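Start counting at 1 in the sequence shown, then tack on 1300, and there's your number in the numbering used here.
As structure tokens, the structure follows; a few thoughts come after it.
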Amino acid sequence: MRAITASHIQTRQQPKSAKKICRQRKNNENLRKTSRKTAPAKDADYHQLVARATNDAVRDWDLASRGLTWPQGLDTLLGYSPGKSDQTIAFWQRQIHGADRSRTAASIRDAIKSKAEYWSGEYRFRHAKGHYLQLLERALIVRDINGRPVRFIGVLMDVTARKQLHDQLSNSQKMEAFGQLAGGVAHDFNNFLTAILGYSDLLVAEVEGRGTGAKYLSEIRSAAGRAASLTKQLLTFSRREPLEPRVLEVNKLIHDLERSMLRLLGENISVLCELMPEKKHIKVDPDQFTQIIINLAVNARDAMPAGGTLVLKTEAISTNGKVPAELPLGKYVGISVIDNGMGMTDDVKEHLFEPFFTTKDDRHGSGLGLATCYGIVRQSGGHISVESELGKGTAVHICLPEVVAPPPAPYRKRPKLPNGTETILVVEDDISVRHVAVRTLRMLGYNVLEAFRADEAKRLIQCNIVNLVVTDVVLPDMSGCDFADWTRNNSPSTQILLTSGYLPEITLDSPASDLPFLSKPFDPEQLAETVRASLDGVVVS
Ligand SMILES: Nc1ncnc2c1ncn2[C@@H]1O[C@H](COP(=O)(O)OP(=O)(O)OP(=O)(O)O)[C@@H](O)[C@H]1O
Ligand SMILES: [Mg+2]
């Protein structure tokens, strides 16, 4: 057979003169005849050839004797040199990944018991070198004339690469979808926050900053402010923006994180804060710093499955103290995350900061936690080290340069907001946002009209002299950008200010992108200033 195939290839490579084509046809005809004649006689050879062409492995399992033969691929695909140990079904069972074994066995058992003629399934199978292959097996269940199963002949195909590609794709699609979802949630959240911030500011003005009411209001305002920074983080994540370092007070950073830490760690882990008495400052990106502490806390949690204590410690490290040799002399702040969990072996300690080094399974660890911490700390001019003892616990020490505290913010008397008497039309479908904007603008002396849809707004523009339209980018019946275009065409003297809970680049890829833009959530001061600037024709986007 092999000789025939070779001559066939040779014929195809020759230049095709009429004579040669003739000879080739004859050869092919001979091949067909030979195959027809020889196939039944050399049945086993022929089938082996077909099996070889697929590059798969073939197993033939005799159900009565539990004997197993491997007509093909035991060595080439699975890496085992044929011997005695692979001649019973126990060999196949032993090589299946523990997590797939009972599922696969049960499914094959069910197929054999039923009247099924075929079975197919996927499982992980250990290669002779120790790694696992993802195999797709398609099998024929051979039965005797009474329907009793006698043989199970399976073709095993290596689909490892295909599965890895598929997993990678679904992972990146998941991240993409998460980004979109985060952006959408942040947008809706910004509408609520605009209302909360706006109304609390209006109330602060009403109670003139006096009494318990004013205290409660300032609490509401600062909570809303924190929520606004969270939504900003979500928007940043969905855009994957590089972040910026700021001068921050260390104890406050840790203290703010303590509460979210409790939720993250669960009830059987207690959190202790041992904070230095002085107020020390460092220059870090607050989001990245949060990420470091969360990564370390999650590692500590994983190391204490039965519960334990997590200590967050801060300390001042001066020149004559414990400054790591790698850092120039100077003043530093130490931040340590300490657990009394299982600790690490020397081998783990050696590879700890390597990207993708993990001792956890696929679902629980990507091995990027400490590598990320290392990168951030180094970028911030600091040092990270680990002390750990098997069975006793682990301490991760971070050392960051101390910076001088920023001057205290000067006491700011509430500035008088810019005002006016022009006519402004507020177009916004979210009732709370619309009301707070309308009230703020009326309080500032403007003549304010309101609409929640574009068609209503168009009617008002046609009947009134509107100096400025403040419109959301997303309206129920039309996009805010199209509505802005309509306004420019039908009432050229009317100024336009766009608002949105999305970031400007995301929403404004249209002809309206040169217009002033106010992002939500906005407070009365930002609204007053942007409105005045838009009316005066100053670019504020
Ligand atoms: N506090 C700790 N106690 C014991 N072992 C730890 C501790 N922190 C890290 N390790 C070990 O170091 C390895 C690497 O940690 P790293 O945070 O980089 O990755 P991961 O936690 O495995 O995965 P990821 O953080 O990406 O989810 C861990 O798998 C674990 O074996
Ligand atoms: Mg981790």
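Beta carbons are placed, not taken as given, at the ideal position from N, Cα and C, and that holds for glycine.
Being a predicted model, the structure only gives us computed values, none of them experimental.
- By a beta-carbon distance limit of 8 Å, residue 1603 does not contact residue 1672. Their separation comes to about 18 Å.
- Counting along the chain, the unbroken alpha helix (DSSP H) around residue 1391 starts and ends at 1389-1395.
- The C-alpha of residue 1628 is placed about 29 Å away from the C-alpha of residue 1599.
- Counting the other CB atoms within 10 Å of its CB gives residue 1820 a total of 16 or more, which places it among the buried residues.
- Look at residue 1401 here: in three-state DSSP terms it is helix.
- Annotation: the continuous alpha helix (DSSP H) that includes residue 1735 extends over 1731-1743.
- Residue 1445 sits exposed, since fewer than 16 C-beta atoms from the chains shown fall within 10 Å of its C-beta.
- Contact annotation: residue 1700 and residue 1732 have beta-carbon atoms that are not nearer than 7 Å.
- Take residue 1408, set aside five residues on each side of it, and the residues of its chain with a beta-carbon closer than 7 Å to its own are 1419, in chain order.
- Secondary structure at residue 1507: helix, using DSSP grouped into helix, strand and coil.
- In the DSSP assignment, residue 1449 falls within the unbroken beta strand (DSSP E) covering 1449-1458.
- By the Cβ criterion, the region 1441-1455 is in contact with the region 1359-1377, since at least three pairs of Cβ atoms, one from each stretch, lie closer than 8 Å.
- In its chain, beyond the 5 residues on either side, 1568 and 1569 have a beta carbon closer than 7 Å to the beta carbon of residue 1607.
- In the structure shown, residue 1577 adopts coil according to DSSP, grouped into three states.
- Scanning its chain for C-beta atoms nearer than 6 Å, with the 5 sequence neighbours on each side dropped, one finds around residue 1683 the residues 1624, 1626, 1627 and 1699, in chain order.
- For ligand 2, no non-hydrogen atom lies closer than 6 Å to the CB of residue 1643.
- Secondary-structure assignment with DSSP links residue 1635 through a beta bridge to 1614 and 1698.
- The Cβ atoms of residue 1641 and residue 1689 lie no closer than 7 Å to each other.
- Inclusion of residue 1696 and residue 1611 in the CB contact set at 7 Å is not warranted, their separation being larger than that value.
- Counting only residues of its own chain and dropping the five nearest sequence neighbours on each side, residue 1790 has no CB closer than 6 Å to any other CB.
- Here DSSP, grouped into helix, strand and coil, assigns residue 1704 to coil.
- Residue pairing by DSSP places residue 1679 opposite no residue, since no beta bridge is assigned to it.
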